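Here the structure comes first, spelled out in structure tokens, and everything after it is commentary.
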């Protein structure tokens, strides 16, 4: 089975030209097939404020009314996605930007209105692995933004971590997949104040011990639960690391 | 040689949900392979004004500074392109949205700064017909927005009429291509005040006569010159019609 790297970057990288350029230099150096998934919440919030709209968040998730959807799709699928694609093309990586609507690659259901009405927010229903595989076979690198559709004509704002996870799990049926979440820390830390305290490797037994002993911080538990869920679904390895360290062996490997 | 329809719609269609829905119903009914090219200048200007920026135009062309480029790419490649793609998917047409950077499909050169500095505006250098043909062979309908790139990492605002024309000319090497420009009039009119005075067919001899006799209005002459240039480059037929009449035999055929 051929290998595939699915790599997710957040708004902190895509909103900084310098951080993005350094990250993309490392990204194109990955020799095997790869898919990039990106967020962009910081710029969406900035644009909303410039338009006089105050972003609304509940439990860290964006409430997406019609005006917010327009801005989110414009920023994620428009400016940020095309900026990343153009920068990859300049590095001779043949990138192709995708929302979930493009090629019908990611269908989603609008989230139920209860208990909280998040508006135009989607939960992933399906990923078209044949289409992604066809692109990869053509030497194309898909760059997927945090927008899906319901196949009834409505675009939906969708969490980029979730998209990366769903793409990796689905592609695991036909590829040996590693899934990398880039964030602002160096990995899972044994001391949250010390970026040098990265736990380099966590297996299921170790995770159970860490939870019992309280070594891992409360905020990391959902991330690690999601990582093990991806592994249960066939993903070979999940890596949590700083986007600045994509090309370095600093980070936490979960397998 | 297989046939291909290249169809261009302007901002007046994409900015109106009702007009767009009616147009897309007609578009999906076209049985052969097709490519849609769209503008969106009206919405870009509205968004600029909402952000407190006055759009600058010279000879009907937009002066594109950095802030204007961000808005243009956000609106064209983001909201408008993805709205069209999602609406086509709802009609079971497997659409894929593209800027020129995606798959490196359209490369452009930034326009020389003299005599007028248009800023981030591109003139088309090349169209990747193999990539477009590969998508069409997969049953995919490309939806191309008015954004290109210089392959050095810079996105460029590019006239949608020009993109449609360049795509049609390039594809004429491998397909029997018809090129349709949809606009707000029913076609080339013998009386500019009368929408029922459509000249149904113009050939080169007829065009020369019309220019000599002054039957054709000054504004239509560049459009017709471009149409004949496309035919010289191998496009089989150019059609100028109202977007509301895509499914009807009302319009001007140039061949």
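Chains as they are written, first to last, in our numbering: chain W, -3 to 251; chain S, -3 to 251.
Cβ coordinates follow ideal geometry from the N, Cα and C atoms, glycine included.
None of the values given here were measured: they were computed from a predicted structure.
Spatial neighbours of residue i within its chain, please: C-beta separation below 8 Å, excluding the five flanking residues on both sides.
i, result
"residue 67 of chain W", "40, 43, 44, 47, 49"
"residue 80 of chain W", "10, 16, 20, 32, 34, 91, 93, 139"
"residue 218 of chain S", "none"
"residue 57 of chain S", "114, 117, 155"
"residue 30 of chain S", "0, 1, 2, 3, 23, 137"
Between residue i and the rest of its own chain, which residues show a CB-CB distance below 6 Å, the 5 nearest in sequence each way excluded?
i, result
"residue 23 of chain W", "none"
"residue 5 of chain W", "34, 178, 239"
"residue 95 of chain W", "73, 141, 143"
"residue 251 of chain W", "233"
"residue 3 of chain W", "32, 176"
"residue 83 of chain S", "20"
"residue 52 of chain S", "59"
"residue 36 of chain W", "7, 10, 71, 72, 76"
"residue 206 of chain W", "212"
"residue 107 of chain W", "114, 117, 119"
"residue 216 of chain W", "184"
"residue 309 of chain S", "What is shown of chain S runs -3 to 251, which leaves residue 309 of chain S out entirely."
"residue 38 of chain S", "7, 11"
My assumption, with CB atoms under 8 Å, is that residue i sits in contact with residue j. Please give the rounded CB distance.
i, j, result
"residue 120 of chain W", "residue 178 of chain W", "Rounded, the Cβ-Cβ distance is 20 Å, inconsistent with contact."
"residue 151 of chain W", "residue 69 of chain W", "5 Å"
"residue 229 of chain S", "residue 165 of chain S", "4 Å"
"residue 104 of chain S", "residue 154 of chain S", "6 Å"
"residue 180 of chain S", "residue 8 of chain S", "6 Å"
"residue 227 of chain S", "residue 237 of chain S", "Wrong, their Cβ atoms sit about 17 Å apart, outside the cutoff."
"residue 86 of chain W", "residue 147 of chain S", "6 Å"
"residue 254 of chain W", "residue 189 of chain W", "The structure shown does not extend to residue 254 of chain W, since chain W is modelled only from -3 through 251, so no value can be given for it."
"residue 125 of chain S", "residue 156 of chain S", "With a Cβ gap of about 19 Å, residue 125 of chain S and residue 156 of chain S do not count as contacting."
With a CB to CB cut of under 7 Å and the five nearest residues on each side skipped, what residues in its chain are close to residue i?
i, result
"residue 249 of chain W", "196, 197, 233, 235"
"residue 171 of chain W", "-3, -2, -1, 0"
"residue 213 of chain S", "188"
"residue 252 of chain W", "Lying outside -3 to 251, the shown extent of chain W, residue 252 of chain W is not represented and no answer is given."
"residue 159 of chain S", "33, 102, 120, 140, 142"
"residue 131 of chain W", "92, 138"
"residue 242 of chain W", "19, 22, 23, 178"
"residue 173 of chain S", "0, 2, 164, 167, 231, 232"
"residue 135 of chain S", "90"
"residue 186 of chain W", "193, 195, 211"
"residue 127 of chain S", "99, 101"
"residue 78 of chain W", "93"
"residue 129 of chain W", "170"
Consider the C-beta atom of residue i and the heavy atoms of the ligand GDP; say whether any pair is separated by less than 7 Å.
i, result
"residue 157 of chain W", "Among the components of this structure there are no ligands whatsoever, and the ligand GDP is therefore not found."
Quiz item: Which runs of the beta strand (DSSP E), 3 residues or longer, sit entirely within the region 119 to 195 of chain S?
Solution: Entirely contained in the region 119 to 195 of chain S, the beta strand (DSSP E) runs reaching 3 residues are, in chain order, 137 to 141, 143 to 145, 151 to 153, 172 to 179.
Quiz prompt | Whole runs of the beta strand (DSSP E) within the region 9 to 58 of chain W, excluding any shorter than 3 residues | solution = Correct list: 29 to 34.
Quiz prompt | Residues from the region 88 to 99 of chain S in contact with chain W, defined by Cβ distance under 7 Å | solution = Answer in chain order: 90, 92, 93, 95, 97, 98, 99.
Quiz item: Would the region 97 to 104 of chain S and the region 107 to 124 of chain W be scored as touching if the rule is three or more Cβ pairs under 8 Å?
Solution: Touching, no.
Practice problem: Determine contact between the region 189 to 207 of chain W and the region 139 to 148 of chain W, defined as no fewer than three beta-carbon pairs at a distance below 8 Å. | Solution: Counting Cβ pairs under 8 Å, fewer than three are found: no touch.
Quiz prompt | Near-chain S residues of the region 146 to 157 of chain W (beta-carbon distance less than 7 Å), N- to C-terminal order | solution = Those residues of the region 146 to 157 of chain W that come within reach of chain S (Cβ to Cβ, closer than 7 Å) are 147, 148, 149, 150, 151.
Self-check item: Interface residues of the region 24 to 38 of chain S facing chain W [CB-CB below 7 Å]
Solution: Result list empty, no residue passes.
Self-check item: 4-residue-minimum alpha helix (DSSP H) runs that sit fully inside the region 211 to 247 of chain W, ordered along the chain
Solution: Runs of the alpha helix (DSSP H) inside the region 211 to 247 of chain W: 216 to 228.
Self-check item: Contact list for the region 39 to 56 of chain W against chain S, Cβ threshold 9 Å
Solution: So the list reads 43, 46, 47, 48, given in the order they occur along the chain.
Quiz prompt | Residues of the region 68 to 84 of chain W with Cβ closer than 8 Å to any Cβ of chain S, in chain order | solution = Those would be 69, 70, 71, 72, 73, 74, 75, 77, 78, 79, 81, 82, 83, in chain order.
Quiz item: What residues in the region 230 to 246 of chain S have a beta carbon less than 7 Å from any beta carbon of chain W?
Solution: Under the 7 Å Cβ criterion, the region 230 to 246 of chain S contributes no residue.
Quiz item: Taking any Cβ of chain W, which residues in the region 130 to 142 of chain S have a Cβ under 8 Å from it, in chain order?
Solution: Residues of the region 130 to 142 of chain S with a C-beta atom less than 8 Å from some C-beta of chain W are 130, 134, 136, listed in chain order.
Quiz prompt | Where the region 187 to 210 of chain S meets chain W: residues whose CB sits under 7 Å from a CB there | solution = Within the region 187 to 210 of chain S, no residue qualifies.
Quiz item: What are the start and end residues of each continuous alpha helix (DSSP H) run of 4 or more residues lying completely inside the region 67 to 128 of chain W, in chain order?
Solution: Within the region 67 to 128 of chain W, the complete alpha helix (DSSP H) runs of at least 4 residues are 77 to 86.
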